[in-house]
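Q: I am attaching a structure below and will ask some questions about it afterwards.
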């Protein structure tokens, strides 16, 4: 039998790897990938809590579906921004995009 | 060790290993492909948690849409995404420290919680999580409002994405 | 009785139990045997499909097709396989080795995985997944990824162009496909393919002809077959994503494409043509397998018929057709059918089906009227006299014109 703790530790580790990616990577697309990993870690937690603590209420799965929708929206807008910036500045290195207006 | 535990361990090693490759590999297309592996492992976890719908939705949305979009964006911005040069910030060591501290803190916080090692409860045999989820997402007493708001968010995000990425010079 | 496959399964299970194995191990062994049997049967069928495809295309083009090796050339695919196996295996310079080699496996593997949910008869099926329809969509997404991997890893401009076209085509045609797939789900009240077949006492193609047509068109686009073969377009981007593949790696793509066409036929047969249903299929499940393959092969023939009759469409037409025609139509038909499904009671299946059919005919007629009006205005626009810049007539041009007109 797998106790809840295994899922929680796995999710925490995945979240931290994603956080490292967001903090350390230069490329904006790679930063988006880190965010995706973090969102997935959150989703694992939501579904694991649903299964282990409140299997009779469907709230955990419903929230996971919302997270899917938010993740899709975030990637669509994020990639559009990246492509738009690339077109004007020819760079997608996050450190070079340091002006409020250009 | 039961077979389920072995499957869980193999899956989690796969998820974490490929996630590490996502954040460390230099070639961005490889990073996106490792991301696919990692997300697929999460789908396997959903199956183990008897959330089959989420597992399949994970594959459709993350692999079918998000990962492919990312590969597409990487290919479009190819000139700067060369493998040469470091792919990390100069102060990446601080990122390692922050991530490791967060992991330690989370583990410490969770292990002091008394529900940490809850054993898995039996799903009642007539309960069907799939139809429950479907009912809950469209029932006025449950989550129809968040569900509709999420769809409006998605729609506005897509329109916004088109507006942002529109190249006005070429019309 | 009359179901040898279940009998063999039972006998094998008892044999394993008599050897004193644990129940878990026995069910594992049985599952592995089932997977191996279905996968090898499908792959053997795939070899036969090479012959079928070549023979049918020959007939469409008024040729004989392969007829030298064996009776009616039936051993020709074996010769093809041997030829592919002994060809040189080339890895292009600068190619990404692992991704390059993984792509053809994914192309064939995703197609094989589809057979896990297809019910071949009332007793013979891989698994009755309760999200079967979504599973099919998910595998389609993974096969798209395989094609992108092939295009990117080849380190070839044309292959990359093919991959770009793949993204544009497959991701956009997935939208009407998924919407139209929801219609049989609404009609059967389940996403499991076995339940959908059980619910078809009247075939869904008679209840919902427009969704069936949309699924057929979008599936052909997902297959990347003509008229939607822009992703490999020989005359534009020289075979697209599999330009660099040689030998058996190319063979895997080729086999995957043929098998995918048959599998799409099987999926449409399951969702709209009653799957294994037919006279006597309930009492003799082995007949169900026969009916299933008859229907699947008929749809495969329809797909080939379309492929060899229509020319390739242009890329902007392809996207316009999807976003301005198929997607709105599928949304309208889904909403209308869902509302009618709520209003009309399901007490009499015949009345219900007739109402649904009527609704479909009305929507189809309105669509045709709209198209006709659009075409008329487009023709008017084209026919309007436009100012044309004429060059000053020079004496040499005038003489050449008169000479050409006189001759």
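Protein chains in written order, with this note's numbering: chain A, 833 to 934; chain B, 3 to 173; chain C, 10 to 416. Don't be surprised by glycine CBs; every beta carbon is placed ideally from N, CA and C.
Assign residue 57 (chain B) to one of two classes, buried (16 or more other C-beta atoms within 10 Å of its C-beta) or exposed (fewer than that).
A: Buried: at least 16 other Cβ atoms inside 10 Å.
Q: Helix or strand or just coil, what does DSSP make of residue 26 (chain C)?
A: Reduced to three states, the DSSP call for residue 26 (chain C) is helix.
Q: With a threshold of 8 Å between beta-carbons, can residue 208 (chain C) be considered close to chain B, or not?
A: Not one chain B Cβ lies under 8 Å of residue 208 (chain C).
Q: Does DSSP put residue 292 (chain C) in a helix, in a strand, or in coil?
A: Here residue 292 (chain C) sits in coil by DSSP.
Q: Would residue 221 (chain C) and residue 196 (chain C) qualify as a contact pair, given that the criterion is a beta-carbon distance under 8 Å?
A: Not a contact, by the Cβ cut-off of 8 Å.
Q: Flag this pair as yes or no: are the beta carbons of residue 120 (chain B) and residue 884 (chain A) separated by less than 8 Å?
A: Their beta carbons are under 8 Å apart, which means residue 120 (chain B) touches residue 884 (chain A) by this criterion.
Q: For a cutoff of 8 Å on Cβ pairs, would you count residue 74 (chain B) as touching chain C?
A: By this cut-off, residue 74 (chain B) is an interface position.
Q: Output yes if chain C places a C-beta closer than 8 Å to the C-beta of residue 8 (chain B); else output no.
A: No, because no Cβ of chain C sits closer than 8 Å to the Cβ of residue 8 (chain B).
Q: Expressed to the nearest angstrom, what Euclidean distance is found between the alpha-carbon atoms of residue 292 (chain C) and residue 130 (chain C)?
A: Using only the alpha carbons, I get a separation of about 11 Å.
Q: Assuming residue 224 (chain C) contacts residue 186 (chain C) (C-beta within less than 8 Å), just tell me the rounded distance between them.
A: About 6 Å; that satisfies the 8 Å criterion.
Q: Using the DSSP secondary-structure output, state which residues sit across from residue 857 (chain A) in a beta bridge.
A: Bridge partners of residue 857 (chain A): B:90.
Q: Which of helix, strand or coil does DSSP assign to residue 121 (chain B)?
A: If DSSP states are grouped into helix, strand and coil, residue 121 (chain B) belongs with coil.
Q: Can you give me the C-alpha to C-alpha distance between residue 173 (chain B) and residue 325 (chain C), rounded to a whole angstrom?
A: Unreliable placement is indicated for residue 173 (chain B), whose pLDDT of 49 sits below 50; the coordinate value is still reported in the next sentence. Taking the straight line from one Cα to the other gives about 15 Å.
Q: Along the chain, where does the alpha helix (DSSP H) that runs through residue 916 (chain A) open and close?
A: Residues 891–921.
Q: State the beta-bridge partners of residue 128 (chain C) as determined by DSSP.
A: C:134, per the DSSP bridge assignment.
Q: What number of angstroms, rounded off, separates the C-alpha of residue 55 (chain B) from the C-alpha of residue 382 (chain C)?
A: C-alpha separation (whole angstroms): 43 Å.
Q: Name the residues in the stretch 902–920 of chain A whose C-beta lies less than 8 Å from a C-beta of chain B; which are they?
A: Hits within the stretch, in order: 902, 903, 904, 905, 906, 907, 908, 909, 911, 912, 913, 914, 915, 916, 918 and 919.
Q: Around the Cβ of residue 922 (chain A), are there at least 16 other Cβ atoms within 10 angstroms (buried) or fewer (exposed)?
A: Residue 922 (chain A) should be labelled exposed.
Q: Residues in its own chain within less than 7 Å of residue 365 (chain C) by CB, not counting five upstream and five downstream?
A: Answer for residue 365 (chain C): 216, 217, 346 and 349, listed in chain order.
Q: For the ligand MG, I want to know if residue 154 (chain C) counts as a neighbour, meaning its beta carbon is within less than 7 Å of at least one of the ligand's heavy atoms.
A: The ligand MG is absent from the structure shown, which contains no ligands of any kind.
Q: Which residues in chain B have a C-beta closer than 9 Å to the C-beta of residue 861 (chain A)? List them in chain order.
A: In chain order: 30, 33, 34, 72, 75, 76, 79 and 83.
Q: Would you kindly check if the distance between the Cβ of residue 135 (chain C) and the Cβ of residue 201 (chain C) is under 8 Å?
A: The answer is no: Cβ separation not under 8 Å.
Q: Could you tell me whether the stretch 65–79 of chain C touches the stretch 136–155 of chain C, using the rule of 3 or more Cβ pairs below 8 Å?
A: They do not touch, by the three-pair rule.
Q: Skipping 5 residues on each side, what residues in its chain have a beta carbon closer than 7 Å to that of residue 40 (chain B)?
A: Taken in chain order, the residues that qualify are 17, 20, 21 and 24.
Q: Can you give me the Cβ contacts of residue 181 (chain C) inside the same chain, cut-off strictly under 7 Å, excluding the 5 residues immediately before and after it?
A: 328, 331 and 332, listed in sequence order.
Q: Determine whether the beta carbon atoms of residue 897 (chain A) and residue 155 (chain B) lie at a separation below 8 Å.
A: No, the pair does not count as a contact, with Cβ atoms beyond the cut-off.
Q: Please determine, among C:190, C:209, C:175 and C:50, the residue with the shortest C-alpha to C-alpha distance to residue 358 (chain C).
A: Among C:190, C:209, C:175 and C:50, the Cα nearest to that of residue 358 (chain C) belongs to C:209.
Q: Apart from the five residues on each side of it in sequence, which residues of its chain come closer than 7 Å, Cβ to Cβ, to residue 191 (chain C)?
A: Cβ within range, chain order: 343.
Q: Using the beta-carbon of each residue, which ones in chain C are nearer than 8 Å to residue 65 (chain B)?
A: In chain order: 147, 150, 151 and 154.
Q: Which word fits residue 847 (chain A), buried or exposed, when buried means at least 16 other C-beta atoms lie within 10 angstroms of its C-beta?
A: So residue 847 (chain A) counts as buried.
Q: Let's test the definition: count the other Cβ atoms within 10 Å of the Cβ of residue 411 (chain C) and tell me whether it reaches 16, buried, or not, exposed.
A: Caution applies to residue 411 (chain C), whose pLDDT of 49 falls short of 50 and renders its modelled position unreliable; the value that the coordinates give is listed next. The residue in question, residue 411 (chain C), is exposed, as its Cβ has fewer than 16 Cβ neighbours within 10 Å.
Q: Strictly below 7 Å CB to CB, what residues from chain C border residue 58 (chain B)?
A: Near residue 58 (chain B) (Cβ distances below 7 Å), the residues of chain C are 140, 143, 144 and 147.
Q: With DSSP as the reference, label residue 368 (chain C) as helix, strand or coil.
A: Looking at residue 368 (chain C) - three-state DSSP - the assignment turns out to be helix.
Q: So, helix, strand or coil for residue 39 (chain B), using DSSP?
A: Helix, per DSSP.
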